[in-house]
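Below you'll find the structure, written out as structure tokens, and then a few comments.
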Amino acid sequence: MNKTLFHRILSSNAGIAALILRIPVGIILIAHGAQKLFGAFGGYGLEGTGQWMASIGLEPGYLMALMAGSAEFFGGIALLVGLLTRPAALVCAVTMVVAILAVHIGNGLFLSNGGYEFGLALLAATASLAFSGAGSHSIDGLLSR
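In the numbering used here, the protein residues as written are 1 to 145.
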């Protein structure tokens, strides 16, 4: 891989602000991904999530559940530790756009009505990390030095 490109992906001047954003967002994404992949925290696992996704038109449901759950779970881990933060954040941001448009947009903004406010907050946080990078307190920061 081109060293310059690799360095550009890993380097960041975001400082501690990115760490403060990465930790809660990473934890939230890990938990939501674990619900989809493993049925943890009251989730339905791949089979149940896949059936639900197919019922709302996201076909094939099992594959869509695997992709969304993996993006959230593994992307969340990457954000939490600050490893390949920009690509992980980008994948998570795209996942949030799909969730907002496919599931929540018709319910309005507010979460109490099944709306998109939570997805929008995660989209904003992951988009911000995709632009800013992991910051100095991260594995990316260590690797880019």
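The beta-carbon is built from N, C-alpha and C at its ideal position, and this holds for glycine as well.
Quiz item: Taking the Cβ atom as the reference point for each residue, do ALA33 and THR49 lie within a distance shorter than 8 Å?
Solution: Numbered from its first residue, the sequence shown carries residue 33 at position 33. Numbered from its first residue, the sequence shown carries residue 49 at position 49. The amino acid occupying residue 33 in the given sequence is Gly; Ala does not appear at that position. Not a contact, by the Cβ cut-off of 8 Å.
Quiz item: What do you reckon, are the CB atoms on SER11 and GLY133 nearer than 8 Å?
Solution: For the purposes of this step, residue 11 is identified with residue 11 of the sequence shown, where counting begins at 1. For the purposes of this step, residue 133 is identified with residue 133 of the sequence shown, where counting begins at 1. Closer than 8 Å, so yes.
Quiz item: Between the Cα of ARG22 and the Cα atoms of ARG8, LEU142, SER144 and ALA89, which residue gives the shortest distance?
Solution: Stepping through the sequence shown from its first residue, residue 22 is reached at position 22. Comparing Cα positions, the closest option is ALA89.
Quiz prompt | Rounded separation between ILE16 and LYS3 - CA only | solution = Position 16 of the sequence shown, counting from 1, holds the residue named residue 16. Position 3 of the sequence shown, counting from 1, holds the residue named residue 3. The straight-line gap from Cα to Cα measures roughly 25 Å.
Quiz prompt | Pair within 8 Å by beta-carbon distance, VAL81 and ILE139 | solution = If you number the sequence shown from 1, residue 81 lands on position 81. If you number the sequence shown from 1, residue 139 lands on position 139. Yes, the Cβ-Cβ distance between VAL81 and ILE139 is below 8 Å.
Quiz prompt | Rounded straight-line distance, which links the Cα of SER136 to that of LEU19 | solution = By one-based count along the sequence shown, residue 19 stands at place 19. By one-based count along the sequence shown, residue 136 stands at place 136. Cα-Cα distance, rounded: 8 Å.
Quiz item: What did DSSP end up calling SER136 once you bin it into helix, strand or coil?
Solution: Counting from 1 along the sequence shown, the entry for residue 136 is found at position 136. Assigned with DSSP and collapsed to three states, SER136 falls in coil, not helix or strand.
Quiz item: With a CB to CB cut of under 8 Å and the five nearest residues on each side skipped, what residues in its chain are close to ILE30?
Solution: Looking up residue 30 in the sequence shown gives position 30. So the qualifying residues of the chain are GLU72, PHE73, GLY76, ILE77 and LEU80.
Quiz item: What distance in whole Å lies between the Cβ atoms of ALA99 and GLY119, which are believed to be in contact at a cut-off of 8 Å?
Solution: In the sequence shown, counting from the first residue as 1, residue 119 sits at position 119. In the sequence shown, counting from the first residue as 1, residue 99 sits at position 99. GLY119 to ALA99, Cβ: 5 Å. Contact.
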